[in-house]
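Going down the list, the protein sequences come from chains A, B and C.
Counting from 41, one number per residue, gives the positions in the first sequence under the numbering used here.
Counting from -12, one number per residue, gives the positions in the second sequence under the numbering used here.
Counting from 205, one number per residue, gives the positions in the third sequence under the numbering used here.
The beta carbon of each residue, even a glycine, is placed where N, CA and C say it ideally should be.
One structure is given here, and the rest of the page talks about it.
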Amino acid sequence: MVGLTLRDVRKNYGDVQVIHGINLDIIDGEFVVFVGPSGCGKSTLLRMIAGLEDISSGTVCIGDVEMNDIAASKRGVSMVFQTYALYPHMTVYKNMAFGLKQANTPREEIEKRVQAAAEILQISEYLDRTPRNLSGGQRQRVAIGRAIVRDPSVFLFDEPLSNLDAALRVQTRKEIARLHERLKTTMIYVTHDQVEAMTLADKIVVLRDGRIAQVGSPIELYERPQNAFVAQFIGSPKMNFFSASDLTSGASSLLNRELSDDLQVGIRPEHLSITDSANAVVEGTLELVENLGEYALIHLRTASNVEFIAKAEKPPEVPKASTIKFGVKPPLAHFFDSNSGARSA
Amino acid sequence: MRKYFDNRRLGRIFIYTILALFAAYSLFPLYIMVITSFKTMAEIRGGGILLPPGTLNLESWTIAWSGSGECTQGVACTGMKGYFANTLLMVIPAVGISTLLGALNGYVLTKWRFRGSNLLFGMLLLGCFIPFQVILLPMAQVLGQLGLSGSLVGLTFVHVVYGLAFTSLFFRNYYITVPSELIQAARIDGAGFWRIFLRIILPISAPVFVVSVIWQFTQIWNDFLFGVVYSDSQSQPIMVALNNLVNTSTGVKRYNVDMAGALIAGLPTLIVYVIAGKFFVRGLTSGAVKG
Amino acid sequence: MFSLDRWDVAYTNLIKFSVCFIILCVLIGLFLAILLDQKIRVEGALRAMYLYPMALSFIVTGTVWKWILNPEFGVERIVQNLGFESFTFDWLVNPEMSIYTVVIAGIWQSSGFVMALFLAGLRGIDNQIIHAASIDGASLPTIYWRIIIPGLRPVFFSVLIILLHIAIKSFDLIIALNNAGPGYSSDVPATFMYTYSFSRGQIAIGSASATIMLMVIIAIVVPYLYSELRSEKHA
């Protein structure tokens, strides 16, 4: 069993605390994604697991072994970096072999493992090149290859796709998913991109200001966000937020819920549908339509001057500045406490 | 349209003229040095300073290099060859040691930051600006206590210490551009402080090594002040010898020998400049212009 | 020390020398850099010619300029031979003017370097800004004066610091050129310190002058370094 256990993990830089007591259990073979806006501490947390940053307090266990005082190279982890971090003066082969050599692995064993990893990633023909002579996508494969040959119990990925262009990003994302299926090793993956998180993860950990905002499967986060932050972070375009006064007078009964100023109502753009006065929860004047062919994004503004977006299959056939009324199925509306942002039942 | 073209043309001519004039000003002393060194004293007294020599007269070069043989004391008699050797003996270890230590410093300052490493860096920068004169007296005491006064070893030591600020700065500025992720990857691969330095950092440092070596070589070769203060008559470096040769008060002034001596003293750095001028400029501008 | 007439001469000389040296170096260096930036065909060769003096020792520079400025054989005689019989150029042996010979030699050695710094700065300026300005209808001189030269401010700053630093350290050049003479007329603090510490054995006065030099350097350099380090942190 090589899962991970984090118990009350904290990190201080001098007087500044950047990680505020993280508790997390990761089971063997799970694909876990740390996601959050920049500066939320996700990379720091990953580096603490890797052994590249000291743990100020709390414990990190890999399997059943506490790792706090164990060197990075002895933790049985591999890491893939955002900038690939390939050794520029070494060939692809030597890059992949370096770690094994440090561990005094016999030469034939190194050869075997490097060839095997190169096979999986289809980089066998580049083994004699230096990183300089590779494209971004190829470099990323080499970096992953370097991680594979160590045969780690945990893979750590630090925003591995950020330096790739959009098309390559989708491609590599697919390959990482395939790799996980094939190796079934525990993987921890850091990203700020919620699409990567949603597509790759068995379990998503949303971080905010050094604290866990929510842990759950992608669909749980989408369907039952535990707070307004997660609600807005997961999903694109963002969830719309309304207070009671932004909604129609009939909204309370339509949503089957007592509305007050203490409550925020969240509705995803894809859950708003054009309807008549009797069923309208919210209405707004049309400001802009972005037609993407497959669907249209309708930008509106309520009488109380709150902007919101609706996603529809087709653009509405009314002129600008007309008023459009929207309804929502009651289970698809989310309620959050206005002050704490916590989900309200 | 035509007028515009003419103006433009005139402007180009103007620009090229100015540039050529300044090039002439820049080359003029070198020209004077070379032609004077090949003249006889009679030619020098007789003809203009600008005129090329009638024949290539190598006598002054011989005298400057191995002495006139007319006397036995001082550079005017023994020539500069002994001092040239002195300087080589000092330059090679001084450049090597200060560059290696600078690389190590730069590595620590950028990749193994510790509390106060920024302050240390600030002090190193300040060290680059400290005038030689300020450290003359304290350094003389240190050398005295180490028993290295008036020796080549002592002089080498001074150059290593003074040069360290510069070499550390070069390497620090280079290593700051090396992503820290590279070090982290190596740590996960199981390499420690020294192994990362030897196997990862040093192999990618070739460009900055060239800059540092050239800078240090030029500085140390061209040094006069440390040489004149910290050496005795046996261990004088070449610039001190040249100055003594030129400012010797005994006998007739031999300008052709002075010029040959100046060329001998200047040639090594000039050759380095011609071969590796690009790196030389990079060293000079390092830190002076961002990026 | 402050009561010594020689110290007065030394620091007045340093001021004279620094001001002339820095202003002329900056003007010449900037001017050459701008000219060289006009897509000059033989730029590489010209740059090499301007810059090579920087590779030479001040002692070598001093030796050759001493010869060129020599009243008996040098520039004076060239001009006289051209027919201007009464022309005199005796700065090297004229106590009033001797410090300016140091300026001439110093400029010869350093202006190429200043040019290189400015040229690097010019090349670093975003071409799009220049294109934008020319679309706005600015003429080339205006572009330089209003857009480019103000954009070189950090380079100016570095150049000033470096030149000032060279000026204060300039010791070898003066020794080789005229040995701080005639008399002590071209003394600067650096030679003053040396003379008192090592030729005259008055180490106390030597130390005092060294301390003053250090304090002046620190007063100039520390704020500069502070701003550099700060800006690096923000970058």
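Limits of the unbroken beta strand (DSSP E) element including residue 352 of chain A:
Within the first sequence, residue 352 of chain A is the residue found at index 312, counting from 1. Where residue 352 of chain A is concerned, the enclosing beta strand (DSSP E) stretches over 347 to 352.
Could you tell me the alpha carbon to alpha carbon distance between residue 110 of chain A and residue 99 of chain A, rounded to whole angstroms?
If you number the first sequence from 1, residue 110 of chain A lands on position 70. If you number the first sequence from 1, residue 99 of chain A lands on position 59. Using only the alpha carbons, I get a separation of about 12 Å.
For the segment 12 to 36 of chain B, which residues have a beta carbon sitting closer than 9 Å to at least one beta carbon of chain C?
Hits within the stretch, in order: 12, 13, 14, 15, 16, 17, 19, 20, 23, 31, 32, 35 and 36.
Does DSSP put residue 374 of chain A in a helix, in a strand, or in coil?
Position 334 of the first sequence, counted from the first residue, corresponds to residue 374 of chain A. Residue 374 of chain A falls in the strand class under three-state DSSP.
Alpha helix (DSSP H) containing residue 171 of chain B: first to last residue?
To locate residue 171 of chain B, count along the second sequence from 1; it is residue 184. That run of the alpha helix (DSSP H) goes 167 to 175.
Consider the Cβ of residue 212 of chain B: report whether some Cβ of chain C lies at a distance smaller than 9 Å.
Mapped onto the second sequence, residue 212 of chain B falls at position 225. Yes, residue 212 of chain B counts as interfacial toward chain C.
Of the choices C:347, C:258, C:255 and C:412, whose alpha-carbon is the least far from that of residue 331 of chain C?
As a working mapping, residue 331 of chain C is identified with position 127 in the third sequence. For the residues C:347, C:258, C:255 and C:412, the minimum Cα distance to residue 331 of chain C belongs to C:347.
Could you give the distance in angstroms between the alpha-carbon of residue 117 of chain A and the alpha-carbon of residue 136 of chain A?
Counting from 1 along the first sequence, the entry for residue 117 of chain A is found at position 77. Counting from 1 along the first sequence, the entry for residue 136 of chain A is found at position 96. In this structure, the CA atom of residue 117 of chain A is about 15 Å from the CA atom of residue 136 of chain A.
Mind checking which residues open and close the alpha helix (DSSP H) that includes residue 53 of chain A?
Locating residue 53 of chain A in the first sequence gives position 13, counting from the first residue. Bounds of any alpha helix (DSSP H) do not take in residue 53 of chain A; it lies within the beta strand (DSSP E) bounded by 44 to 53.
Anything in chain B within Cβ reach of residue 238 of chain A, meaning under 9 Å, just list it in chain order.
In the first sequence, residue 238 of chain A corresponds to position 198, counting from 1. The contacting residues do not exist; residue 238 of chain A stays about 26 Å from chain B at best.
Scan the segment 87 to 114 of chain A for residues whose Cβ lies nearer than 9 Å to a Cβ of chain B and list them as they occur along the chain.
Listed by position along the chain: 87, 90, 91, 92, 111, 112, 113 and 114.
Counting only C-beta atoms, is residue 54 of chain B closer than 9 Å to chain C at any point?
Here the question's residue 54 of chain B lines up with position 67 in the second sequence. It does not; no Cβ of chain C falls within 9 Å.
On the criterion of 16 or more Cβ atoms from any shown chain inside 10 Å, does residue 14 of chain A qualify as buried, or is it exposed?
For chain A, the structure presents residues 41 to 385; residue 14 of chain A sits outside this window and is missing.
Within 9 Å of any Cβ in chain B, is that where the Cβ of residue 229 of chain A sits?
As a first step, residue 229 of chain A must be located in the first sequence, where it is residue number 189. Using beta-carbon distances, residue 229 of chain A does not count as an interface residue toward chain B, since no partner is under 9 Å.
Given that residue 75 of chain B touches chain C, what residues does it touch there, using C-beta distances under 7 Å?
The residue labelled residue 75 of chain B in the question sits at position 88 within the second sequence. Result: empty, since nearest Cβ-Cβ is about 15 Å, beyond 7 Å.
Contiguous alpha helix (DSSP H) assignments of at least 4 residues, all confined to the segment 187 to 224 of chain A:
Whole alpha helix (DSSP H) segments, 4+ residues: 206 to 223.
Is residue 253 of chain B close to chain C? Criterion is C-beta to C-beta, closer than 9 Å.
Sequence index remark: in the second sequence, residue 253 of chain B carries index 266 (1-based). Interface residue, yes.
Please name the residues in the segment 162 to 192 of chain B whose beta-carbon is closer than 7 Å to at least one beta-carbon of chain F, in chain order.
In summary, chain F is missing from the structure at hand, where the protein chains are A, B and C.
Rank B:255, B:111 and B:155 by C-alpha distance to the C-alpha of residue 426 of chain C and give the top, closest one.
Residue numbering aside, residue 426 of chain C sits at position 222 when the third sequence is read from its first letter. Nearest to residue 426 of chain C by alpha-carbon distance, out of B:255, B:111 and B:155, is B:111.
Three CB pairs or more closer than 8 Å across the segment 231 to 241 of chain A and the segment 257 to 269 of chain A:
The segment 231 to 241 of chain A is in contact with the segment 257 to 269 of chain A.
Closer than 9 Å, CB to CB, is residue 198 of chain A near chain B or not?
If you number the first sequence from 1, residue 198 of chain A lands on position 158. Between residue 198 of chain A and chain B, the shortest Cβ-Cβ separation is below 9 Å.
Measuring only the C-alpha atoms, how far is residue 167 of chain A from residue 150 of chain A?
Numbered from 1 along the first sequence, position 127 holds the residue referred to as residue 167 of chain A. Numbered from 1 along the first sequence, position 110 holds the residue referred to as residue 150 of chain A. Taking the straight line from one Cα to the other gives about 13 Å.
Exposed unless 16 or more other CB atoms sit within 10 angstroms - verdict on residue 211 of chain A:
Working through the first sequence from its first residue, we reach residue 211 of chain A at position 171. Here residue 211 of chain A is exposed. Its C-beta has fewer than 16 other C-beta atoms within 10 Å.
Going by beta carbon distance, what residues of the same chain come within less than 6 Å of residue 107 of chain A, once the five residues before and after it are set aside?
Reading the first sequence from its first residue, position 67 is the one you call residue 107 of chain A. Only 100 and 115 meet the Cβ criterion.
Would you identify the three-state DSSP class for residue 369 of chain A, choosing helix, strand or coil?
On the first sequence, residue 369 of chain A is found 329 positions in, with the first residue counted as 1. Coil at residue 369 of chain A, not helix or strand.
Straight-line Cα distance separating residue 116 of chain B from residue 79 of chain B:
The residue given as residue 79 of chain B occupies position 92 in the second sequence. The residue given as residue 116 of chain B occupies position 129 in the second sequence. Spanning the alpha carbons of residue 79 of chain B and residue 116 of chain B requires a straight line of approximately 24 Å.
Mark residue 143 of chain A as exposed unless 16 or more other C-beta atoms lie within 10 angstroms of its C-beta, in which case mark it buried.
On the first sequence, position 103 is the one that residue 143 of chain A refers to. So residue 143 of chain A ends up on the exposed side.
If you count every other CB in all the chains shown that lies within 10 Å of the CB of residue 431 of chain C, and 16 or more means buried, which is it?
Translated into the one-based positions of the third sequence, residue 431 of chain C becomes position 227. Burial state of residue 431 of chain C is exposed, judged by a 10 Å Cβ sphere holding fewer than 16 other Cβ atoms.
Could you spell out where the beta strand (DSSP E) holding residue 65 of chain A opens and where it closes?
Taking the first residue of the first sequence as 1, we reach residue 65 of chain A at position 25. That run of the beta strand (DSSP E) goes 56 to 66.
Would you report the Cα separation of residue 157 of chain A and residue 333 of chain A, rounded to the nearest angstrom?
Your numbering for residue 157 of chain A matches position 117 in the first sequence. Your numbering for residue 333 of chain A matches position 293 in the first sequence. Whole-angstrom Cα-Cα distance: 42 Å.
Closer than 7 Å by C-beta to residue 323 of chain C: which residues in its own chain qualify, once you throw out the five before and the five after it? Chain order, please.
Residue mapping note: residue 323 of chain C aligns to position 119 of the third sequence, counting from 1. Closer than 7 Å at the Cβ level, and outside the excluded window around residue 323 of chain C, lie 237, 240 and 241.
Answer with yes or no whether the minimum CB distance from residue -12 of chain B to chain C is below 9 Å.
Taking the second sequence and counting its residues from 1, the one referred to as residue -12 of chain B is at position 1. For residue -12 of chain B, the pLDDT reaches just 41, beneath the cut-off of 50, and the residue's location in the model is therefore unreliable, leaving the point undetermined.
How would you list, in chain order, the residues of chain C whose beta-carbon sits under 9 Å from the beta-carbon of residue 5 of chain B?
Along the second sequence, one-based indexing puts residue 5 of chain B at 18. Going along chain C in sequence order, the residues near residue 5 of chain B (Cβ under 9 Å) are 235, 236 and 239.
Using the beta-carbon count (16 or more within 10 Å), is residue 419 of chain C buried or exposed?
As a position in the third sequence, residue 419 of chain C is number 215, starting the count at 1. Residue 419 of chain C counts as exposed, since fewer than 16 other C-beta atoms from the protein chains shown sit within 10 angstroms of its C-beta.
What would DSSP say about residue 388 of chain C, mapped onto helix, strand or coil?
Taking the first residue of the third sequence as position 1, residue 388 of chain C is located at position 184. Coil, per DSSP.
Expressed to the nearest angstrom, what Euclidean distance is found between the alpha-carbon atoms of residue 370 of chain A and residue 311 of chain A?
Start at 1 with the first residue of the first sequence, and residue 370 of chain A comes out as number 330. Start at 1 with the first residue of the first sequence, and residue 311 of chain A comes out as number 271. Near 10 Å, if we compare the C-alpha coordinates of residue 311 of chain A and residue 370 of chain A.
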